[in-house]
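Following the numbering used here, the numbering of the sequence shown begins with 206 at its first residue and continues without gaps.
Don't be surprised by glycine CBs; every beta carbon is placed ideally from N, CA and C.
Okay, so here's the structure we're looking at.
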Amino acid sequence: MHKLNLANLPTKIQRLSRWSAESGRNIYVKRDDQTGSEWSGNKIRKLEFAVQEALDAGCDLLITCGGIQSNHCRATVAVATHLGLKSAVLLRIGEEPPLDGNYFLDRLLGADVRFCTRDEYRDRRGAIMQEMADAYAAQGYRPYVIPEGASFGVGVLGYYFAMKEIVAQERELGVVFDTVVVATGSGGTLAGLQLSNLVNGFGKRVIGVCVCDDAAYFQDVAARISREALPYLVAQGELTAAQAAAWSASLKPADFSFFEEYVGIGYALSRPEELEHIARMARLEAVAFDPVYTGKATFGMVNELREGGRLRSSENILFIHTGGLYGLFPVSRMFSL
Ligand SMILES: *Cc1c(COP(=O)(O)O)cnc(C)c1O
Numbered sequence: 206m207h208k209l210n211l212a213n214l215p216t217k218i219q220r221l222s223r224w225s226a227e228s229g230r231n232i233y234v235k236r237d238d239q240t241g242s243e244w245s246g247n248k249i250r251k252l253e254f255a256v257q258e259a260l261d262a263g264c265d266l267l268i269t270c271g272g273i274q275s276n277h278c279r280a281t282v283a284v285a286t287h288l289g290l291k292s293a294v295l296l297r298i299g300e301e302p303p304l305d306g307n308y309f310l311d312r313l314l315g316a317d318v319r320f321c322t323r324d325e326y327r328d329r330r331g332a333i334m335q336e337m338a339d340a341y342a343a344q345g346y347r348p349y350v351i352p353e354g355a356s357f358g359v360g361v362l363g364y365y366f367a368m369k370e371i372v373a374q375e376r377e378l379g380v381v382f383d384t385v386v387v388a389t390g391s392g393g394t395l396a397g398l399q400l401s402n403l404v405n406g407f408g409k410r411v412i413g414v415c416v417c418d419d420a421a422y423f424q425d426v427a428a429r430i431s432r433e434a435l436p437y438l439v440a441q442g443e444l445t446a447a448q449a450a451a452w453s454a455s456l457k458p459a460d461f462s463f464f465e466e467y468v469g470i471g472y473a474l475s476r477p478e479e480l481e482h483i484a485r486m487a488r489l490e491a492v493a494f495d496p497v498y499t500g501k502a503t504f505g506m507v508n509e510l511r512e513g514g515r516l517r518s519s520e521n522i523l524f525i526h527t528g529g530l531y532g533l534f535p536v537s538r539m540f541s542l
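Structure, rendered in structure tokens:
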């Protein structure tokens, strides 16, 4: 595999015995929140491939974007600094942000920070990052721009290979996961898992729980970036050119599954019942889920595991804990404990 080796891999898989007993299903969690400290979470798996591409191209500056508490931006900054590269992040803000959580770490780890409004972010984040890249290039830097969440062709490889890691761990653990669940915010994690599931014929049910937008949007994104990933899979020796062409012709939005009912009141906004769920899980299993991604996804799982829910037919369920702990601290005052 041609990539950086930065993450602590393979990540552990643990059975959550009390949640399992409560739900009558075997629920396991894959600790991708423990891929590191500064670059903890799911984004490092994508960055191992994307930043290798940046180094291969001779780049010395990583530019990316996200919300003010973006885990992806923090991980990108950590990787850049670790490798001796410069980093610049475009952060979406409402008002002047407190120096806390991931944003604090962005600053601590030495990133250049540029802010934009929600409207600018939605309408022209790509154009703003290109302006930033042009300005740095004029100073002699060689920038590499990573889109939101590193959810683009080369980034998809991170969870393509994570799915193979899961299947190798199944043999060691003596369990077969029929269902894999993950939180979805920009689509690259789900796309990689499901592309691997399809290409390698693993036959699992792979579900993304949306924390923003809706299922139709993410089905389009996942199909598109999975297609973009195919040439990289050829380069990595996973597919022949003919196989890649066949998958490119056949991949369609309906190949990707999402639950869209758990966005709640919006991206990075929490309802009291979601925070209560996070506290309950922390006390039940000593696993801290984050308010933006994994808390919403597991809140959805609890609901879907009930009578008549869409996870009722699953026996062995693997939830991928994609990280986000630093995002829990800035909302600590919203908990009633
Ligand atoms: C980014 C992120 C996700 C979502 O992954 P995508 O590939 O963007 O869909 C889930 N959990 C955490 C903690 C994240 O930071």
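With residue 423 and residue 463 assumed to form a contact (beta carbons below 8 Å), what rounded beta-carbon distance in angstroms separates them? Yes, residue 423 and residue 463 are in contact; Cβ-Cβ is about 5 Å, under 8 Å.
Status (buried if at least 16 other CB within 10 Å, exposed otherwise) for residue 351: Buried.
For the candidate residues 282, 396 and 266, whose alpha-carbon lies nearest to that of residue 338? Restricting attention to 282, 396 and 266, the CA atom closest to the CA of residue 338 is found in 266.
Starting from residue 219, trace the alpha helix (DSSP H) both ways and give me its first and last residue. Per DSSP, residue 219 lies in no alpha helix (DSSP H); the unbroken beta strand (DSSP E) holding it starts and ends at 218-220.
Selected residue, minimal CA-CA separation from residue 529, among 268, 252 and 280: The closest CA to that of residue 529, considering only 268, 252 and 280, is found on 280.
Are there three or more Cβ pairs, one per stretch, closer than 8 Å when the region 388-397 is compared with the region 369-378? Segments in contact, no.
Counting only runs that start and end within the region 412-469, where is the alpha helix (DSSP H) found for 4 or more residues in a row? Taking 4 residues as the minimum length, the alpha helix (DSSP H) runs contained wholly in the region 412-469 are 420-440 and 446-455, in order along the chain.
Contiguous alpha helix (DSSP H) assignments of at least 4 residues, all confined to the region 292-370: Those alpha helix (DSSP H) runs which fall completely within the region 292-370 and span 4+ residues are 306-313 and 323-343.
Do the region 270-284 and the region 530-541 touch if we need at least three Cβ pairs shorter than 8 Å? At 8 Å Cβ cutoff, the stretches touch.
Relative to ligand 1, is the shortest distance from any of its heavy atoms to the C-beta of residue 163 smaller than 7 Å? Given that the chain is displayed from residue 206 to residue 542, the structure contains no residue 163 and the question cannot be resolved.
Alpha carbon to alpha carbon, how far is residue 472 from residue 497? Give it in angstroms, no decimals. Taking the straight line joining both Cα atoms gives about 7 Å.
Once you ignore the five residues that flank residue 479 on each side, which residues in its own chain have a CB closer than 8 Å to its CB? Only residues of its own chain outside the window of five on either side were considered, and among them 469, 496, 500, 501 and 504 have a CB closer than 8 Å to the CB of residue 479, listed in chain order.
Provide the residue(s) that pair with residue 388 in DSSP beta bridges, ordered along the chain. BP columns for residue 388 point to 414.
Classification of residue 207 by the beta-carbon crowding that lies within 10 angstroms, buried from 16 upward: That one is exposed.
Under three-state DSSP, which class holds residue 394? Helix at residue 394.
So the alpha helix (DSSP H) residue 527 belongs to, where does it begin and stop? Per DSSP, residue 527 is not a residue of any alpha helix (DSSP H), being assigned neither H nor E.
Identify every residue that forms a DSSP beta bridge with residue 233. DSSP, once it has assigned bridges, lists 220 and 523 as partnering residue 233.
Opposite residue 281 in the DSSP bridges: which residues? Bridge partners of residue 281 according to DSSP: none are assigned.
Host beta strand (DSSP E) of residue 268 (start-end): Residue 268: member of the beta strand (DSSP E) spanning 266-272, first to last residue.
Any 3 or more C-beta pairs closer than 8 Å across the region 247-261 and the region 535-542: Result no; under three Cβ-Cβ pairs closer than 8 Å.
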